[in-house]
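Input: a single structure, listed below in structure tokens.
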Amino acid sequence: MVLESSPALRTSGFAFMTWTNAFRALDALGVGDKMRSHHLQVQGVRVMSPTTGEVVRELDLRVQGKLGPHEARCVQRNVLLQALEEELPAGTIRYSSRIVSIDDDKEKEGGGDAKILHLADGSTLRAKVLIGCDGINSVVAKWLGLAKPLDSGRRATRGHAKYPDGHGFQPKFMQFSGNGFRAGLVPCGDTDVYWFLTWSPSCPDGTEDVDPSPAEMKQFVLAKLRSIKAPAEVLEAVERSEMNDVLVAPLRYRPPLSLLFGSISKGNVCVAGDALHPTTPDLAQGACIALEDAVVLARCLGDAMAGDGDGTETVEEALRRYAGIRRWRSAQVIAASYMVGRVQQSEHAVVRFARDRVLSGVLAKGLLMMPDYDCGTL
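Now the structure itself:
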């Protein structure tokens, strides 16, 4: 059973970059070709000058990696979720089912590692195995004792522009860096474009320096893009975005050391996705490594279920094996994303000079390092 907190399939988040490592996972899950049929292959990255708005670096994303050719597409969240839902038996997902607390099953004789899940509507469920995929504010991660995600001191907003007659953008990921902010735009398909902006609030106490209302947020984004002479077509994409599609959120991450030394699994309980490794979006790997989690976890549990005995010990061992595999990978991505974000968004004059004149190409190539990974098959 899958417990989903929202009343229907969620579509928030619009879209996300899906790299080679994620497509290997999607292929293992059986939906890779569905995603390819709906989304353009992103052929390259264009790093734009913060002073002229012109292209200063370009990176081909179709190059050969250590494990094969690279592949990148901007996948719409709702398209992926619908494809995954279609792979499940009818009735697998139980909506409007948010877990608020977890207790050990002490009353039932021989309960073993079973857990009692208390839901927001007052009902309870008994689970022999609990896999927490409940996001950055995970109740399951809190129960495991993982460190609380930290605020990076940065904020993000994103949007989705529709062009019924076609947008005309080349299938390339455009990146912009300014004084204390970073932006990007990438086409999803022939009629959809995704854009984002991350920035560091100027207020010393970390409070917001912009009204988070959709109208004010859109003007804030446009002002930032105009300050670096972003092309007119990029500004138009922001203008075309629906007002209620413009959201703002703090960028948080889990301290890497807490993953290296904390409990990712305990008994028959573990976490995956943002519940395990919330990260800043600077390498565009958050959703990608969540898909890796799914394949590794399914393989470990499948191996356990195929074994002899009643499965109680083998499931616990399988979750420990999963935790061992994902521990280092998660910490690596979080740490690398955090450092790249700090450099790309730095307001320090020396760092900005080095970034714009020397490091822009290095940082662009860094996008291909984390995707050169294979989570395996099922």
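In full-length UniProt numbering, the protein residues as written are 1 to 378. C-beta atoms are modelled at their ideal positions from N, C-alpha and C, and glycine is treated no differently.
Specify the secondary structure class of residue i as computed by DSSP and reduced to three states.
i           : result
residue 199 : strand
residue 98  : coil
residue 342 : helix
residue 239 : helix
residue 127 : strand
residue 250 : strand
residue 15  : strand
residue 174 : strand
residue 187 : strand
residue 167 : coil
residue 217 : helix
residue 210 : coil
residue 85  : helix
residue 337 : helix
residue 157 : strand
residue 325 : helix
residue 282 : helix
residue 27  : helix
residue 38  : helix
residue 162 : strand
residue 293 : helix
residue 3   : strand
residue 300 : helix
Who does residue i pair with in a DSSP beta bridge?
i           : result
residue 132 : 271
residue 90  : According to DSSP, residue 90 bridges with nothing at all.
residue 69  : 64
residue 288 : Per DSSP, none; premise fails for residue 288.
residue 150 : 253
residue 57  : 47
residue 332 : Looking at the DSSP assignment, residue 332 forms no beta bridge with any residue, so it has no partner.
residue 265 : 270
residue 115 : 104 and 127
residue 194 : 160 and 186
residue 139 : Paired residues: none, contrary to the question.
residue 75  : 16
Between residue i and residue j, what straight-line distance do the alpha-carbon atoms span, to the nearest angstrom?
i           : j           : result
residue 180 : residue 55  : 20 Å
residue 280 : residue 338 : 6 Å
residue 367 : residue 58  : 12 Å
residue 319 : residue 94  : 24 Å
residue 28  : residue 130 : 23 Å
residue 219 : residue 276 : 34 Å
residue 123 : residue 344 : 47 Å
residue 378 : residue 84  : 16 Å
residue 299 : residue 49  : 45 Å
residue 41  : residue 69  : 12 Å
residue 88  : residue 182 : 38 Å
residue 47  : residue 173 : 8 Å
residue 251 : residue 199 : 10 Å
residue 369 : residue 106 : 47 Å
residue 212 : residue 125 : 38 Å
residue 161 : residue 197 : 14 Å
residue 379 : residue 147 : As displayed, the chain neither begins before 1 nor continues past 378, which places residue 379 out of reach and without an answer.
residue 121 : residue 263 : 29 Å
residue 141 : residue 274 : 10 Å
residue 236 : residue 159 : 12 Å
residue 164 : residue 190 : 9 Å
residue 9   : residue 266 : 29 Å
residue 16  : residue 32  : 15 Å
Do the segment 131–139 and the segment 220–240 make contact, defined as three or more Cβ pairs closer than 8 Å?
-> No: fewer than three Cβ pairs fall under 8 Å.
Could you tell me whether the segment 28–37 touches the segment 63–83, where touching means 3 or more Cβ pairs closer than 8 Å?
-> yes
Say whether the segment 135–152 touches the segment 166–181, bearing in mind that this needs 3 or more beta-carbon pairs closer than 8 Å, one atom from each stretch.
-> no
Taking one C-beta from the segment 250–260 and one from the segment 111–130 each time, how about it: are there three or more such pairs within less than 8 Å?
-> no
Touching or not, the segment 324–336 and the segment 281–298, by the rule of three or more beta carbon pairs under 8 Å?
-> yes
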